[in-house]
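The structure under discussion appears below in the form of structure tokens.
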């Protein structure tokens with residue numbers, strides 16, 4: 007994965023694909039919101055007890071992509087045209103869709119959990135949180151990601167062996 011530094015990054019026509027695994031939700035959302043306001047197109051692949059009627063609210067999203075979308079929306083001026091346009095440039099997915107599988111994925115060092123949190127500090131995984139609030143597709147997405155990774159590793163292994171054969175042919 008490449009690193010994405012929004013302060014020194016120049017505007018790109020192609021959308022930036024960010025692999026959000028291992029990132030902190032709030033910090034990543036802040037970086038994404040700022041980049042969206044600047045015109046960049048981007049793609050992203052604590053349970054409480056209460057004594058109320060759940061049909062009357064509060065209503066919340068359950069899918070991790072929707073939770074991320076809602077977090078970014080809260081950091082944008084989404085009621086004005088500039089904010090609506092910025093929000094329209096964001097796409098979020100669970101897992102990596104086929105059309106973005108072979109694109110280069112970025113990572114945001116300013117939002118990585120390993121860099122930002124002390125070792126031993128407690129944290130909550132968005133996948134687990136979404137599952138606990140009622141998201142039912144955790145296992146389905148995990149199996150699809152495992153298939154994608156296996157297919158991708160086969161592709162990379164074949165590409166490396168082809169490159170080695172080409173180098174050998176050039177030397178001979």
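In our numbering, the protein residues as written are 7 to 178.
We put the CB at the ideal spot given by N, CA and C, even for glycine.
Item checked: Extent of the continuous beta strand (DSSP E) run through residue 38 -> Here residue 38 is taken as the residue at index 32 of the chain shown, counted from 1. Unbroken run through residue 38 is the alpha helix (DSSP H), 31-43; no beta strand (DSSP E).
Next item on the list: Can you have a look at residue 55 and say buried or exposed, based on whether 16 or more other CB atoms are within 10 angstroms of its CB?
Entry: In the chain shown, counting from the first residue as 1, residue 55 sits at position 49. Here residue 55 scores only 49 on pLDDT, less than 50, and its place in the model is too uncertain to base an answer on.
Check: On the three-pair Cβ rule with 8 Å, is the region 112-128 touching the region 22-37?
Finding: Contact between the region 112-128 and the region 22-37 is present, because at least three Cβ pairs lie under 8 Å.
Check: Quick one: Cα of residue 118 to Cα of residue 155, how far?
Finding: For this step, residue 118 is matched to residue 112 along the chain shown. For this step, residue 155 is matched to residue 149 along the chain shown. So the two alpha carbons sit approximately 22 Å from each other.
Checklist line | Contacting residues, own chain, Cβ-Cβ under 8 Å from residue 140 (five flanking each side not counted) | finding: Looking up residue 140 in the chain shown gives position 134. Around residue 140, the same chain offers 68 as residues with beta carbons nearer than 8 Å, after the five sequence neighbours per side are excluded.
Notebook entry, point to check: Based on the DSSP secondary-structure assignment, which residues constitute the bridge partners of residue 118?
Noted result: Sequence index remark: in the chain shown, residue 118 carries index 112 (1-based). Partner(s): 29.
Check: Alpha carbon to alpha carbon, what distance is there between residue 92 and residue 133?
Finding: Here residue 133 is taken as the residue at index 127 of the chain shown, counted from 1. Here residue 92 is taken as the residue at index 86 of the chain shown, counted from 1. Each residue's alpha carbon lies about 25 Å from the other.
Check: Pick from 43, 145, 105, 48: whose alpha carbon is nearest that of residue 84?
Finding: Locating residue 84 in the chain shown gives position 78, where the first residue counts as 1. Nearest in C-alpha terms to residue 84, of all of 43, 145, 105, 48, is 43.
Check: Of all the options 78, 100, 61, which has the alpha carbon lying nearest to the alpha carbon of residue 71?
Finding: Residue 71 sits at position 65 when you count from the first residue of the chain shown. That would be 100, whose Cα lies nearest to the Cα of residue 71.
Notebook entry, point to check: Going along the chain, which residues of its own chain have a beta-carbon closer than 7 Å to the beta-carbon of residue 150, five neighbours each way excluded?
Noted result: Position 144 of the chain shown, counting from 1, holds the residue named residue 150. Cβ-Cβ distances below 7 Å link residue 150 to 101 in the same chain, with the five nearest sequence neighbours on each side left out; the list follows chain order.
Checklist line | Among 77, 108, 166, 115, nearest to residue 98 - alpha-carbon criterion | finding: Here residue 98 refers to the residue found at position 92 when the chain shown is read from its first residue. When each option's Cα is compared against that of residue 98, the closest is 77.
Next item on the list: Go ahead and label residue 46 buried or exposed: buried means 16 or more other beta carbons lie within 10 angstroms of its beta carbon, across all protein chains shown.
Entry: Start at 1 with the first residue of the chain shown, and residue 46 comes out as number 40. Under this definition residue 46 is a buried residue.
Next item on the list: Consult DSSP for residue 178 and reduce its assignment to one of helix, strand or coil.
Entry: Position 172 of the chain shown, counting from 1, holds the residue named residue 178. Coil, per DSSP.
Check: Using the beta-carbon count (16 or more within 10 Å), is residue 26 buried or exposed?
Finding: Taking the chain shown and counting its residues from 1, the one referred to as residue 26 is at position 20. It is buried - the Cβ of residue 26 has at least 16 other Cβ atoms within 10 Å.
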